[in-house]
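Have a look at the structure below, then the notes.
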Amino acid sequence: MTTALNALWTPLSSTPLLWLVVTLAAYVAGRWVQSLCGGSPYASPVLIAIILVGCGLVVTGTSYTTYFAGAQFINFLLGPVTVALAVPLAENFGLVWRNLTSIGLALLAGSLTSVISGIGLVWALGGTRDVALSMAPKAVTTPIAMAVSEQIGGVPALTAALAILGGILAAIIGRQMLRQFQIEDLRAHGLAAGVAGSGIAAAQIAAIDETGAAFAALGIGLNGVLTAIFVPVLIALWR
């Protein structure tokens, strides 16, 4: 039986599209599990897919390089998908413009809080400097976070993991926390998702409300620019 499975797996494992199919199937399975849980945000399809694919890589002994060779098409689509968020932003530009002052203050507060709290937490727990630097840009979208991390001396791979984890957590508990403070405005939910959780949390808002999606897109873009500018300056002063 084992010999037969090995004979079947060997040619399949060399097929680049295998892990693309596995990744998509894992996400579909995650969506199915979430539907069984009544759409609960705690049953995050992204988290479920990560766990399933990770277990598959471990069981089959597949390296990340081999996995990425097949699944890189999904990575390629991240750029167009992020740009596509500009569509609801353009359609709601007037509303965004009328709330520009409030958006600016919320963005500044959210961005500074994320950076300072991340560095402060690592420092309080006795972590090393490179871990603290890796934490600093964790709230922005992953490509920008990795670039900023490399620039300031952090570990880009660790930053990417933290950014993805932060996005998942924001998608799971973000809206519940806002409701605890009696914040029901979907514009606020969208902006908070974009600033704190990047694409994963923003996608959750986009599925609910177009206006919220516009504010989420704005949060992703502006927080990325702001973080890329002031984090290197802040770290330079820290040195």
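Okay, so the sequence shown: first residue is -2 according to the numbering used here, each after it adds one.
All C-beta atoms, glycine included, are put in the ideal place defined by N, C-alpha and C.
CA nearest to the CA of residue i, picked from the options
i: A233; options: A106, G101 and G150; result: G150
i: L14; options: I48, R95, Q69 and T125; result: Q69
i: P229; options: Q179, L215, M143 and G187; result: M143
i: R172; options: A198, V112, I71 and L162; result: A198
i: T138; options: L215, L17 and Q179; result: L215
i: I217; options: Y64, A66 and A200; result: A200
i: V240; options: A66, L109, Y24 and M174; result: It is not possible to answer for residue 240, since the shown part of the chain is limited to -2 through 236.
i: L231; options: M174, D127, F178 and A133; result: A133
i: I48; options: I165, Q177, A225 and M174; result: I165
i: G36; options: G107, F227, A204 and G123; result: A204
Chain-order list of residues whose beta-carbon lies under 8 Å from that of residue i (same chain, five-residue window excluded)
i: V30; result: A40, P42 and I45
i: G163; result: K135, A136, A193, G194 and S195
i: W120; result: A129
Contact belief for residue i with residue j at Cβ below 8 Å, rounded distance in angstroms
i: A211; j: N96; result: Between N96 and A211 the Cβ distance is about 11 Å, and since that is not below 8 Å, they are no contact.
i: T20; j: I71; result: 6 Å
i: W16; j: Y64; result: 5 Å
i: L219; j: L104; result: 5 Å
i: I169; j: P38; result: 5 Å
i: V93; j: L102; result: Actually they are not in contact, since the Cβ atoms of V93 and L102 sit about 14 Å apart, beyond 8 Å.
Beta-carbon gap between residue i and residue j smaller than 7 Å
i: P140; j: S146; result: no
i: A213; j: G187; result: yes
i: I116; j: A129; result: yes
Nonlocal neighbours in the same chain, by C-beta distance under 6 Å from residue i, ignoring five residues either side
i: G27; result: P42, I45 and A46
i: G209; result: L183, H186, G187 and I202
i: A23; result: A46, L49 and V50
Cβ-based neighbour list, residue i, same chain, cut-off 7 Å, excluding 5 preceding and 5 following
i: D127; result: G150, G151 and V152
**Prompt:** Per the contact definition of three or more C-beta pairs closer than 8 Å, is the segment 146 to 160 in contact with the segment 175 to 193?
**Reply:** Counting C-beta pairs with one atom in each stretch, the segment 175 to 193 and the segment 146 to 160 have fewer than three that are closer than 8 Å, which means they do not touch.
**Prompt:** With a cut-off of 8 Å, do at least 3 Cβ pairs link the segment 69 to 80 to the segment 45 to 54?
**Reply:** Taking a cut-off of 8 Å for Cβ pairs, the segment 69 to 80 and the segment 45 to 54 do not touch, as fewer than three such pairs fall below it.
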